[in-house]
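Undergrad: Dropping the structure in here first, questions after.
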Amino acid sequence: MTDNEGTLRDTAQRKKDVLARLEKEVDIWVASADGDGRPYLVPLAFLWDGDSVWLCTRRTNPTGRNLAAGGRTRLALGDTRDVVLVDGEVTTHPSDDVPVAAIEAFAAKCGWDPRTSGSAYVWFRVRPVAVEAWYEEPELAGRHIMREGVWVDEQA
Numbered sequence: 001m002t003d004n005e006g007t008l009r010d011t012a013q014r015k016k017d018v019l020a021r022l023e024k025e026v027d028i029w030v031a032s033a034d035g036d037g038r039p040y041l042v043p044l045a046f047l048w049d050g051d052s053v054w055l056c057t058r059r060t061n062p063t064g065r066n067l068a069a070g071g072r073t074r075l076a077l078g079d080t081r082d083v084v085l086v087d088g089e090v091t092t093h094p095s096d097d098v099p100v101a102a103i104e105a106f107a108a109k110c111g112w113d114p115r116t117s118g119s120a121y122v123w124f125r126v127r128p129v130a131v132e133a134w135y136e137e138p139e140l141a142g143r144h145i146m147r148e149g150v151w152v153d154e155q156a
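Note that the UniProt record's numbering has the sequence shown beginning at 1, numbered continuously upward.
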């Protein structure tokens with residue numbers, strides 16, 4: 001929880017808190033589904049570049065296959081009392097298609113450089129289209145802080 005524990009956060013504060021967590025946290029829960037709709041959930045290291053979440057995993061594992069084929073994911077941070085959910089559109093990228101600055105920032109943050117792990121690893125860029133954030137039940141009412149790829153506090 002943030003320094004605002006015990007008080008209801010407005011949309012601007014929730015956005016600020018979410019962006020801070022995306023910068024700070026190392027792992028994120030990644031939900032995907034196969035073609036038959038079977039769900040799959042795993043934690044992966046990630047990088048927030050200020051616009052998108054970058055993930056890296058093997059293309060051939062269930063998460064890699066599902067992300068590449070489905071083009072959508074739900075990401076989750078936090079525990080059950082301080083929740084951040086990010087729905088996003090996924091694009092798949094080979095390492096040579098990823099900005100070097102993003103790979104190096106990922107490696108520095110996560111302690112692993114996928115370039116040293118072989119060609120089976122690919123990158124997934126997740127562009128958020130919806131974000132929800134709440135701290136326990138009192139904040140449920142204002143939990144939608146991004147819709148259709150636009151932060152709620154920036155919508156006219």
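Ideal Cβ positions, reconstructed from N, Cα and C, are used throughout, including at glycine.
Could you compute how far the alpha carbon of residue 206 sits from the alpha carbon of residue 32?
TA: Lying before the first or after the last residue shown, residue 206 is absent from the chain, which here runs from 1 to 156.
Undergrad: Here's the rule: buried if 16 or more other CB atoms are within 10 angstroms of the residue's CB, otherwise exposed. What is residue 168?
TA: In this structure the chain extends from 1 to 156, so residue 168 is not present and cannot be described.
Undergrad: Looking at residue 13 and the ligand SAH, is the gap between the Cβ and the nearest heavy atom below 7 Å?
TA: In the structure shown, the ligand SAH is absent, as is every other ligand, since no ligand is present at all.
Undergrad: Give the DSSP-derived three-state secondary structure of residue 4 in the structure shown.
TA: The sequence position of residue 4 within the sequence shown is 4, counting from 1. In this predicted model, residue 4 has a pLDDT of only 48, less than 50, meaning its place in the structure is not dependable enough to derive any value.
Undergrad: Could you tell me the alpha carbon to alpha carbon distance between residue 105 and residue 81, rounded to whole angstroms?
TA: Translated into the one-based positions of the sequence shown, residue 105 becomes position 105. Translated into the one-based positions of the sequence shown, residue 81 becomes position 81. Those two C-alpha atoms are separated by around 29 Å.
Undergrad: The alpha helix (DSSP H) spanning residue 49 covers which residue range?
TA: Within the sequence shown, residue 49 is the residue found at index 49, counting from 1. From DSSP, residue 49 is part of no alpha helix (DSSP H); its letter is neither H nor E.
Undergrad: Could you tell me which of 73, 86, 124 and 114 sits nearest to residue 144, measuring between CA atoms?
TA: Within the sequence shown, numbered from 1, the residue matching residue 144 stands at position 144. Among 73, 86, 124 and 114, the Cα nearest to that of residue 144 is on 86.
Undergrad: May I have the straight-line CA-CA distance separating residue 64 from residue 107, to the nearest angstrom?
TA: Here residue 64 is taken as the residue at index 64 of the sequence shown, counted from 1. Here residue 107 is taken as the residue at index 107 of the sequence shown, counted from 1. Distance between the alpha carbons of residue 64 and residue 107: 19 Å.
Undergrad: With a Cβ-Cβ cutoff of 8 Å, do residue 131 and residue 146 count as a contact?
TA: Stepping through the sequence shown from its first residue, residue 131 is reached at position 131. Stepping through the sequence shown from its first residue, residue 146 is reached at position 146. Closer than 8 Å, so yes.
Undergrad: Return the chain-ordered list of same chain residues with a C-beta closer than 7 Å to the C-beta of residue 112, the five sequence neighbours on each side being excluded.
TA: To locate residue 112, count along the sequence shown from 1; it is residue 112. Around residue 112: 45.
Undergrad: Let's test the definition: count the other Cβ atoms within 10 Å of the Cβ of residue 15 and tell me whether it reaches 16, buried, or not, exposed.
TA: Numbered from 1 along the sequence shown, position 15 holds the residue referred to as residue 15. By the neighbour-count rule (16 or more Cβ atoms within 10 Å), residue 15 is buried.
Undergrad: DSSP three-state label for residue 119, please.
TA: Along the sequence shown, one-based indexing puts residue 119 at 119. Coil at residue 119, not helix or strand.
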